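In this note's numbering, the protein residues as written are 21 to 303. C-beta: ideal position from N, C-alpha, C; glycine also. All figures in this text were calculated on a predicted structure; none of them were measured in a lab.
Quick look at the structure:
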């Protein structure tokens, strides 16, 4: 669904700042609240300062318990650093090894953030580590952790990352396919999205379109985002008709235009005018 990419700063810390100020705050290793907001700011604003990636890489390696006084969760700075790195494109490729190491961390949320960042960076080196974390299938990697709603692995993020990276090897497809039958619809949606991105087979797009009619709004939202991320253009009309927020439908339609225009995208190109008219009708 890619929903966790929009990470928010700590409440009350979001006053407008400059790039220099964000970098200064990120250096404050004794102030996780300041670092948390700084990492968010640098990622959100796609900072190109030469100090940005090294400082975020340093923050990524920070491990600390929950800071009750600052109101910052355990390893929250490292998670925001991973998310920010995913947004920085080429310059962040230098820290792919750090993100790969983070993918092995005990912290579930940190593994999730690292997986999404590796997917955004299209890091080919991540394909095998991502595949390996999913290879035990829905019965193990996709099993629910005792006493928590989390799964054993952040399967949604791992699946989406494999689809975004775009390496359609048989062993990659084989590890994704079982998750199409997962009991959780959000995992099924992520698996269909990845298979649609990797194979272009319309059956996976059709399954996502069916999810646009799901009774749960959260599932409809996920299917919208996944169809947009895959750029599956035959979904134009179903997306516009989905019972969900217009803002999300606009994001999905923009995804059809942007991702569907890329080489190898699935589905025939719709009339550009039709996409613009669909977006206009939602404004």
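Where residue i falls: helix, strand or coil (DSSP)
i	result
residue 235	coil
residue 300	helix
residue 67	coil
residue 274	helix
residue 81	coil
residue 249	helix
residue 36	coil
residue 47	coil
residue 264	coil
residue 159	coil
residue 23	Caution is warranted here: a pLDDT of 48 is assigned to residue 23, below 50, making its placement in the model unreliable, and the coordinate value is therefore given only provisionally. It is helical.
residue 293	helix
Cβ neighbour criterion (16 or more within 10 Å) applied to residue i
i	result
residue 158	buried
residue 168	exposed
residue 216	buried
residue 267	exposed
residue 195	buried
residue 66	exposed
residue 259	buried
residue 40	exposed
residue 209	buried
residue 293	exposed
residue 109	exposed
residue 185	buried
residue 49	exposed
residue 274	exposed
residue 255	buried
residue 160	exposed
residue 282	Confidence at residue 282 is low in this model, with a pLDDT of 49, below 50, so its placement is unreliable and no value can be given for it.
residue 83	exposed
residue 230	exposed
residue 303	exposed
residue 298	buried
Nearest residue (CA-CA) to residue i, options the options
i	options	result
residue 300	277, 186, 270	270
residue 52	220, 205, 97	97
residue 197	171, 213, 261, 185	213
residue 220	241, 56, 250	250
residue 100	59, 72, 78	59
residue 163	150, 189, 188, 199	199
residue 38	303, 236, 69	69
residue 57	71, 74, 73, 36	36
residue 7	106, 204, 175, 120	Coverage of the chain is limited to positions 21 through 303, which leaves residue 7 absent and any answer about it impossible.
residue 265	61, 238, 166, 72	238
Contact check, residue i vs residue j, beta carbons under 7 Å
i	j	result
residue 122	residue 134	yes
residue 295	residue 277	yes
residue 137	residue 102	yes
residue 173	residue 153	yes
residue 63	residue 104	yes
residue 179	residue 211	yes
residue 132	residue 177	yes
residue 192	residue 182	yes
residue 128	residue 81	no
residue 54	residue 45	yes
residue 243	residue 263	no
residue 118	residue 77	yes
residue 150	residue 188	no
residue 130	residue 95	yes
residue 240	residue 232	yes
residue 116	residue 79	no
Cutoff 7 Å: residue i Cβ touching any chain B Cβ
i	result
residue 129	As a matter of chain content, chain B is missing from the structure shown, which is built from one protein chain.
Q: Pick out the complete alpha helix (DSSP H) segments inside the region 88–154, 4 residues or longer, and give them in chain order.
A: 96–107, 116–122, 128–140, 147–154
Q: Jot down the residue ranges of each uninterrupted alpha helix (DSSP H) in the region 161–244, minimum 4 residues, whole runs only, in chain order.
A: 175–185, 190–196, 205–219, 222–231
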